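Participant: First residue of the sequence shown: 7, per our numbering; consecutive thereafter.
Glycine included, each C-beta is placed from N, C-alpha and C at the ideal position.
Keep in mind the model is a prediction, meaning the values are calculated, not measured.
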Amino acid sequence: TGTGRGVSGGGPVELHAAYEECGRIVRASASSFHQAFRLLPAERRRSLEALYAYCRVVDDAADDGGDAQAQVAWWREELSRVLAGTPTHPVGVALADSLQRFAIPPQHLVEILDGMAMDLVPQRFATFADLRRYCYHVAAAVGLATIPIFGCRDPQSLVYAEALGIALQLTNIVRDLAEDAERGRVYLPLEDLQRFGYSERDLVTHTQNDAFRALIAFECARARELYAAARAALTPTDRRALAPAEGMRLVYQRVLGTIAARPEAVFGPQVRLPRWQKVGLAGLAWLRTRIPSAPAVTTRQESPA
7 TGTGRGVSGG GPVELHAAYE ECGRIVRASA SSFHQAFRLL PAERRRSLEA LYAYCRVVDD
67 AADDGGDAQA QVAWWREELS RVLAGTPTHP VGVALADSLQ RFAIPPQHLV EILDGMAMDL
127 VPQRFATFAD LRRYCYHVAA AVGLATIPIF GCRDPQSLVY AEALGIALQL TNIVRDLAED
187 AERGRVYLPL EDLQRFGYSE RDLVTHTQND AFRALIAFEC ARARELYAAA RAALTPTDRR
247 ALAPAEGMRL VYQRVLGTIA ARPEAVFGPQ VRLPRWQKVG LAGLAWLRTR IPSAPAVTTR
307 QESPA
């Protein structure tokens, strides 16, 4: 699906079928986002699925072995066709329609593609500022693109989206530390590794020592600060609109909390929440955004432990 160039047979893609394909990609990904998407009205949900499917297929293209450069180049061409209203891929067809429906800023779609292109060659980030720039492209830009789909009206929601996107990506990086290291990818800033005296080799050999525990605690604390910044930017005007994003926040904060409590978990099977917890947290987010007096403090559901 994702990395296929154009449409099989070369014929036009019917809009309904294009959105159906996006929904299939979302379901196949088993993403934590899927339950949160269900909180949206159908039209907005379809467009959010189109945006997610775009991120998914572009990410798959960037991971496509020796052909990755060509695949990403093809998606740059397809994105130009999307913006011109002449897409050829089912995901592109749905995305072009969503751009028209919700006035998604095109620059964020370009930024997302630029972020995926960053992964074509394994790289190291010297500082957190460098890592944050990467996180902006692969995650925060996605959040910024969702703001018009959610129906937000307050400019402060852009601050929310950027902080949340970076927090989600940092959580992913911490969760996937060992798996990424085995593929020659270390996303944590080199300044952090040096600060705690934990080497890349320690990471590859799954060394668990005081330096490792201090490093994980530091990264978890940084992510929690970003989640707190997102919560602080959640305005009364857009609380209801951002219920799906709040659902994602609660799910990922629970994952982060699991890792903070058991740092060694990053060396085992990927930390995931069971479906019933995802559903419960999505429901909790929906309820909270409909209670005007809901406190902004961290609850047990969001606890780092």
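Check whether the region 150-164 touches the region 244-255, taking contact to mean three or more Cβ pairs, one atom from each stretch, closer than 8 angstroms.
Facilitator: Yes, the region 150-164 touches the region 244-255.
Participant: Would the beta-carbon of residue 170 fall within 7 angstroms of that of residue 255?
Facilitator: For residue 170 and residue 255, yes; Cβs fall inside 7 angstroms.
Participant: Excluding five sequence neighbours on each side, which residues of the same chain lie with their C-beta closer than 6 angstroms to the C-beta of residue 167?
Facilitator: Excluding residues within five positions, the ones whose Cβ falls inside 6 angstroms are 149, 150, 153.
Participant: Just the Cα atoms here: how many angstroms apart are residue 310 and residue 229?
Facilitator: Any reading at residue 310 must be qualified, since the residue scores a pLDDT of 38, below 50, and its modelled position is unreliable; no value is offered.
Participant: Would you identify the three-state DSSP class for residue 204, choosing helix, strand or coil?
Facilitator: The answer is coil: DSSP assigns residue 204 none of H, G, I, E or B.
Participant: For the pair the region 263-278 and the region 195-206, tell me if three or more CB-CB distances fall below 8 angstroms.
Facilitator: With the cut-off at 8 angstroms, the region 263-278 and the region 195-206 do not touch.
Participant: Please return the same chain residues whose Cβ sits closer than 8 angstroms to the Cβ of residue 119, not counting the five positions on each side in sequence.
Facilitator: Correct list, in chain order: 64, 78, 81, 82, 85.
Participant: Distance, Cα to Cα, residue 173 vs residue 232?
Facilitator: When rounded, the distance between both Cα atoms is 5 angstroms.
Participant: Among the residues of its own chain, which have a CB less than 8 angstroms from the CB of residue 13, if the five just before and after it don't count?
Facilitator: In this prediction, residue 13 scores a pLDDT of 39, lower than 50, which makes its location untrustworthy; the coordinate-derived value is nonetheless stated afterwards. Counting only Cβ-Cβ distances below 8 angstroms, and skipping sequence neighbours, we find 19, 94, 95, 96.
Participant: How would you label residue 105, buried or exposed, when you count the other beta carbons within 10 angstroms and need 16 or more for buried?
Facilitator: Buried: at least 16 other Cβ atoms inside 10 Å.
Participant: Using 10 angstroms around the beta-carbon of residue 259, count the other beta-carbons present and answer buried if the total reaches 16, otherwise exposed.
Facilitator: By the neighbour-count rule (16 or more Cβ atoms within 10 Å), residue 259 is buried.
Participant: What separation, rounded to the nearest whole angstrom, lies between the Cα atoms of residue 240 and residue 163?
Facilitator: Using only the alpha carbons, I get a separation of about 6 angstroms.
Participant: Contact defined as beta carbons within less than 8 angstroms: I believe residue 195 pairs with residue 132. What is the distance between those atoms, to the nearest angstrom?
Facilitator: Correct: roughly 7 angstroms between the Cβ atoms.
Participant: Would residue 175 be called buried (16 or more neighbouring beta carbons within 10 Å of its own) or exposed?
Facilitator: Residue 175 comes out buried.
Participant: Identify the continuous alpha helix (DSSP H) that holds residue 104 and give its terminal residues.
Facilitator: 96-108 is the extent of the alpha helix (DSSP H) around residue 104.
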